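Trainee:
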Amino acid sequence: MKGIIFTEFLEMVESKFGLETADAIIESANLPSQGIYTSVGTYDFNEMVSLITELGTITDIELGELIYTFGHYLFASLGNAHPEVIQSYNSPLALLYSIEDHIHVHVQKLYPDAELPTFKILEKTDTSLTMVYCSTRGLYRLAHGLIEKAFEHFNKTATVSYELLKEDGTEVQFHIVQNG
Amino acid sequence: MDSKEVLLLKRALQRQKMARQQAEKILEAKSKELYDVTHHLKHANAKLENLLNEKTSELDGVFINIIDPYVVMDLQFNVVNMNSSAKEFLGYDYMEESLNLSNLVHEDFVEYTTESIQSLLEVGVLKNYRAKIYVKDGSVKWVQINSSLIYNSSSQPVAAQGILRDITQEMEIKQLLLEQRSQLDIIVQNSPLGIVLIDDGKIIKANSTITQLLGYKEVELKCMTVKHISNPEDEAEGARLVKEMKQGKLDNFSIVNRYRKKDGSQLWAKTSVSAVKNRNGEIDYLVALIEDITKQRAAEDSIKAEREKYSSIIANMNLGLIEVDNEDIIQMTNQSFCNMSGFQQNELVGKKASDLLQVQNRNLIPSKSLKRKAGISDSYEVAVLDKEGAKKHWLISGAPRYDLDNNVIGSIGIHLDITNQKILELQKERLLKELENSNKGLQEYAHIVSHDLKSPLRSISALSTWLYEDYKDVLDETGQHNLHLMQDKVASMDRLIQGILEYSTANNSALGKTEVDLNIVITTIGDTIFIPEHVQLVVPMKLPTLLADATKIQQLFQNIIGNAVMHIEKEKGLVEVIFSDSDSHWSFTIKDNGVGIPKEYHEKIFQIFQSIGSKERSTGIGLSIVKKIVNRYGGDIWVESEVGKGTAFHFTLLKEICSFPL
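Protein sequence lines, in the order shown, are assigned to chains E and W. Adding 1210 to a residue's 1-based position in the first sequence gives its number in the working numbering. Adding 17 to a residue's 1-based position in the second sequence gives its number in the working numbering.
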């Protein structure tokens, strides 16, 4: 998993729960990397699982909810890091529609070893989108958070519903309807 | 700051430092990787460049040595490279003089060239551009060019290269073929025969004649098979012949068959089919020539009908017909001939005509046969014995018979049985002869009688004169008067006899033919006859000259004029001779202002011995002589008269008889 996800995750923990919590989850997770992350590096996904699990234990918040919140946070961070990507779109639906064909292509250019989820578009209208999230990581709640923030970025709101096609969350169908 | 917080910060700081070092290590590794890649690329680039140079010079060599002319031009058509073949062909060398290819294009191909260049610029290649160009010596060449664009490193077209092929000869041959083909097409299209090209039963070509004959357009015919246009009844025969042709038994055949026209009607035609074979002797096409024989058939039918009609006429006509060959053997007779001759047809045909039919004049038929052989037709009469031996008279119209090459192959005779007419004719001839004899006798009798009567009359006249001379002193007045009366009666009788004599000759004597000038005739009459002093004879216009018997013509005019002048009681008498000329006749009118003739006498006066007047000199013979003469000259005579006003005698003379031939 890309280092930026780790650094951003720890940034979020630090800003939301304080440096102490951040330090605590790193110390107690017993990580091979010892919690030393750089955004240009690549780290084992299991470290992320350990970090989230530890955070859940400490804060007593459900894991899915934590990941969903991280999705909210991550959108802004990614937007700050690569503003030109978002600027090239004028609607949230267009942005979502182009994840696979445009945004992930750019990601692959910078990080050839990145392991990215796929988004398969099933149906698209001017105001709605149906797509299937597919990733061995099962981080569909992260995607959920990112989608909502994308609408927020364009000053729009949307009703996002999802249905697990596989129980472990590696295949999830999203149905997004833009409001108004 | 408590120590726990310091420891926490220290740990965090430591992690950040470590992270930075980790990042630096990653970046260094990336830099090294980049450097290696760059180095590798440079090396590869250099290798490629060398390769490119080698290939370019290799290609240059290929183009320079290429047999076909090869030219490279910039986008303004200026030649920037050309091989020796191109120099030789075009006659220009771009090294010595600048050469712009657009100047070479023939004026007829400017537009086409512009379009072609446009397409070259759009597509990048141009294939089979064909145009006429001028080469340096001024001659015109046909060229075919295949061309492509040359691009610079930023994919902008900068030039075009092309390979030329001299196709002048090819085009000439093509043109020649085209001309020959169009000549052939003209022949085919204008042929009076329908021409159709057939491939396996399908019509693949048809000329305009057949389209007119059948009423289909060529495009329609091309979608059809022979079966579509053939009459089903003829199809089997046609198919059989085509099959034999395919088996190689026939090269061509002709049949008379029928076609179905577009309007459903039927076309009778003579069709000649020939096979067109390829080198292997297999049939490629069938060529069918179709001749419209509808009219011919109609003509044949009408000839047939005519023949039947004439056969029927010949069989049923009332004239006997017989055909013999040059040996006089009977070839054919009709029923009428059988009836006339009394023989049955089977008794006649195949027999010699002269053996069966006994012609009385034995030499006649052979002489007629000779005439037929010389091609002469004529008519003649024969007396012949029929089967029963009864004598018959036939009028035969004979003519030679010809074969198709105009050789006389016999004769044909048409016979009319004139036995009954002949008997009548013979009777008539006999009667005429008798009549002639009796007429002659009568005439001689009249002549003799008048002559013999005249001489005693003259004696009586002389004797009475002598009696008067000798006894005039003795005779009293009554005696003298009676003697005068006697002399008058004798003179009157003499005139009567003279008149009878004239009348008999007027009818019979031959008519002389001399020039008779009527003007002189009238003058002579005026001098000869007695004209009372109060009467004037006038001829208001010039009269014609006839070719006729002078005595008869004088008699004609003298008798009428003599009558006219004698019967005028008016103070001033006038007799006019008027004449007019119609196409076929001379018409004369002799008009007087005399006493006139009562209507009931208008017919009678022309009969012999009919006289109205009591004048002693009138014998009643004159006008009957006049009528006879007029009749002999083919004319008529009639009278118009009113008592007390005058009389007009009209008569005509037929020019045919009394005129000079024109």
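All C-beta atoms, glycine included, are put in the ideal place defined by N, C-alpha and C. All values derive from a computational prediction rather than experimental measurement.
Quick check: the stretch 1218-1235 of chain E against the stretch 18-38 of chain W, are there 3 or more CB pairs under 8 Å?
Mentor: Yes: the two stretches touch, three or more of their Cβ pairs being nearer than 8 Å.
Trainee: Could you name the residues of the stretch 1226-1245 of chain E whose beta carbon sits closer than 7 Å to any beta carbon of chain W, in the order they occur along the chain?
Mentor: Leu1229, Glu1230, Asp1233, Gly1245
Trainee: Alpha carbons only, please: which of Leu284(W), Asp566(W), Gly651(W), Gln553(W) is nearest the one belonging to Asn610(W)?
Mentor: What you label residue 610(W) is simply residue 593 of the second sequence in a count that begins at 1. The candidate whose alpha carbon is nearest that of Asn610(W) is Gln553(W).
Trainee: In whole angstroms, give me the CA-to-CA distance for Leu560(W) and Phe547(W).
Mentor: For the purposes of this step, residue 560(W) is taken as the residue at position 543 of the second sequence. For the purposes of this step, residue 547(W) is taken as the residue at position 530 of the second sequence. Distance between the alpha carbons of Leu560(W) and Phe547(W): 22 Å.
Trainee: Checking contacts by CB at 8 Å: is Ala46(W) closer than that to chain B?
Mentor: Of the protein chains in the structure, E and W, none is chain B.
Trainee: Which residue's Cα is closest to the Cα of Ala391(W): Ile622(W), Val425(W), Leu365(W)?
Mentor: As a first step, residue 391(W) is located in the second sequence; it is residue number 374 there, counting from the start. Of Ile622(W), Val425(W), Leu365(W), the residue nearest in Cα terms is Val425(W).
Trainee: For the stretch 1247-1258 of chain E, which residues have a beta carbon sitting closer than 7 Å to at least one beta carbon of chain W?
Mentor: Tyr1247, Thr1248, Val1250, Gly1251
Trainee: Near Ile595(W), which residues of its chain fall below 8 Å by C-beta distance, leaving aside the five closest residues on each side in sequence?
Mentor: As a position in the second sequence, residue 595(W) is number 578, starting the count at 1. The residues are Pro557, Met558, Phe605, Thr606, Ile607, Lys608.
Trainee: Mind checking Asn100(W): buried by the 16 CB within 10 Å criterion, or exposed?
Mentor: To locate residue 100(W), count along the second sequence from 1; it is residue 83. Answer is buried; the Cβ neighbour count reaches 16.
Trainee: In the DSSP output, what is Asn274(W) paired with across the bridge?
Mentor: Start at 1 with the first residue of the second sequence, and residue 274(W) comes out as number 257. According to DSSP, which records beta bridges pairwise, Asn274(W) is partnered with Ala286(W).
Trainee: Use the C-beta contact count for Met112(W): other C-beta atoms within 10 angstroms, 16 or more gives buried, fewer gives exposed.
Mentor: Here the question's residue 112(W) lines up with position 95 in the second sequence. With fewer than 16 other Cβ atoms within 10 Å, it is exposed.
Trainee: Following the continuous beta strand (DSSP E) through Ser396(W), name the residue where it begins and the one where it ends.
Mentor: Counted from its first residue, the second sequence places residue 396(W) at position 379. 395-402 is the extent of the beta strand (DSSP E) around Ser396(W).
Trainee: Nearest CA to the CA of Asp309(W): which residue from Leu194(W), Glu620(W), Leu284(W)?
Mentor: By 1-based counting over the second sequence, the position of residue 309(W) is 292. Comparing Cα-Cα distances from Asp309(W) to each of Leu194(W), Glu620(W), Leu284(W), the minimum goes to Leu284(W).
Trainee: Taking only the alpha-carbon atoms, compute the straight-line gap between Glu1224(E) and Thr1267(E) and give it to the nearest angstrom.
Mentor: In the first sequence, counting from the first residue as 1, residue 1224(E) sits at position 14. In the first sequence, counting from the first residue as 1, residue 1267(E) sits at position 57. Glu1224(E) and Thr1267(E) have their alpha carbons spaced roughly 16 Å apart.
Trainee: So, helix, strand or coil for Ser14(W), using DSSP?
Mentor: No information on residue 14(W) is available, as it lies outside the stretch 18 to 679 that chain W covers here.
Trainee: Taking only the alpha-carbon atoms, compute the straight-line gap between Ile203(W) and Lys191(W) and give it to the nearest angstrom.
Mentor: Here residue 203(W) refers to the residue found at position 186 of the second sequence. Here residue 191(W) refers to the residue found at position 174 of the second sequence. If you take the alpha carbons of Ile203(W) and Lys191(W), they lie about 18 Å apart.
Trainee: Tell me whether Asn683(W) is buried or exposed, calling it buried when 16 or more other Cβ atoms sit within 10 Å of its Cβ.
Mentor: This structure cannot settle anything about residue 683(W), because the visible part of chain W is limited to 18 through 679.
Trainee: Based on Cα-Cα distance, which residue from Met583(W), Gln377(W), Lys222(W), Arg182(W) lies nearest to Val205(W)?
Mentor: Along the second sequence, read from residue 1 onward, the residue named residue 205(W) stands at position 188. Selected option, being the one with the closest Cα: Lys222(W).
Trainee: Exposed or buried, which one is Glu633(W) when buried takes at least 16 other CB atoms within 10 Å?
Mentor: Sequence index remark: in the second sequence, residue 633(W) carries index 616 (1-based). In this prediction, Glu633(W) scores a pLDDT of 47, lower than 50, which makes its location untrustworthy; no coordinate-derived value is stated.
Trainee: Take the Cβ of Asn615(W) as the centre, count every other Cβ of all protein chains shown within 10 Å, and call the residue buried at 16 or more, exposed below.
Mentor: The residue labelled residue 615(W) in the question sits at position 598 within the second sequence. Reading off the sequence shown, one finds Pro at residue 615(W), where the question assumed Asn. Exposed: under 16 other Cβ atoms inside 10 Å.
Trainee: For Glu588(W), name the three-state secondary structure that DSSP assigns.
Mentor: By one-based count along the second sequence, residue 588(W) stands at place 571. Coil at Glu588(W), not helix or strand.
Trainee: Please name the residue in Val97(W), Gly359(W), Asn82(W) whose C-alpha comes closest to that of Val89(W).
Mentor: Here residue 89(W) is taken as the residue at index 72 of the second sequence, counted from 1. For the residues Val97(W), Gly359(W), Asn82(W), the minimum Cα distance to Val89(W) belongs to Val97(W).
Trainee: Whose Cβ in chain E lies nearer than 8 Å to the Cβ of Met35(W)?
Mentor: For the purposes of this step, residue 35(W) is taken as the residue at position 18 of the second sequence. Those within 8 Å of Met35(W) in chain E are Gln1244, Ile1246.
Trainee: When the Cα of Gly579(W) is compared with those of Asp600(W), Ile539(W), Tyr618(W), Ala567(W), which residue comes out closest?
Mentor: Indexing the second sequence from 1 puts residue 579(W) at position 562. Comparing Cα positions, the closest option is Ile539(W).
Trainee: Find out if the Cβ-Cβ distance for the pair Ser1238(E), Glu1257(E) is shorter than 8 Å.
Mentor: Here the question's residue 1238(E) lines up with position 28 in the first sequence. Here the question's residue 1257(E) lines up with position 47 in the first sequence. Result no, Cβ atoms of Ser1238(E) and Glu1257(E) do not sit closer than 8 Å.
Trainee: What separation, rounded to the nearest whole angstrom, lies between the Cα atoms of Ile585(W) and Gly613(W)?
Mentor: Here residue 585(W) refers to the residue found at position 568 of the second sequence. Here residue 613(W) refers to the residue found at position 596 of the second sequence. So the alpha carbons of these two residues sit roughly 9 Å apart.
Trainee: Tell me which same chain residues have a C-beta within less than 7 Å of the C-beta of Gly359(W), skipping the five on either side of it?
Mentor: Against the second sequence, residue 359(W) aligns to sequence position 342. Closer than 7 Å at Cβ, skipping near neighbours: Asp403, Lys404, Glu405.
Trainee: Can you pull the chain E residues whose beta carbon is under 7 Å from the beta carbon of Arg28(W), in chain order?
Mentor: Translated into the one-based positions of the second sequence, residue 28(W) becomes position 11. What Arg28(W) touches in chain E: Asp1233.
Trainee: From the DSSP output, in three-state form, read off Met1341(E) for me.
Mentor: Reading the first sequence from its first residue, position 131 is the one you call residue 1341(E). Met1341(E) falls in the strand class under three-state DSSP.
Trainee: Output the distance between the C-alpha atoms of Ser676(W) and Arg324(W), rounded to the nearest integer angstrom.
Mentor: Within the second sequence, residue 676(W) is the residue found at index 659, counting from 1. Within the second sequence, residue 324(W) is the residue found at index 307, counting from 1. Whole-angstrom Cα-Cα distance: 51 Å.
Trainee: Give me the subset of the stretch 211-243 of chain W whose CB atoms are less than 9 Å from a CB atom of chain E, sorted by chain position.
Mentor: none
Trainee: Go ahead and pull the three-state DSSP assignment for Glu633(W).
Mentor: On the second sequence, residue 633(W) is found 616 positions in, with the first residue counted as 1. Because Glu633(W) sits at a pLDDT of 47, beneath the cut-off of 50, its placement in the model cannot be relied upon, and the following sentence gives the value as read from the coordinates. Coil at Glu633(W), not helix or strand.
Trainee: Are any of the Cβ atoms in chain E nearer than 8 Å to that of Gln39(W)?
Mentor: Residue mapping note: residue 39(W) aligns to position 22 of the second sequence, counting from 1. Interface residue, yes.
Trainee: Chain E beta carbons: is any one of them nearer than 8 Å to that of Leu25(W)?
Mentor: Indexing the second sequence from 1 puts residue 25(W) at position 8. For Leu25(W), the answer is yes, since a Cβ of chain E falls inside 8 Å of its Cβ.
Trainee: For Gln348(W), does the three-state DSSP call read helix, strand or coil?
Mentor: Your numbering for residue 348(W) matches position 331 in the second sequence. Shown here, Gln348(W) sits in a strand according to DSSP, grouped into three states.
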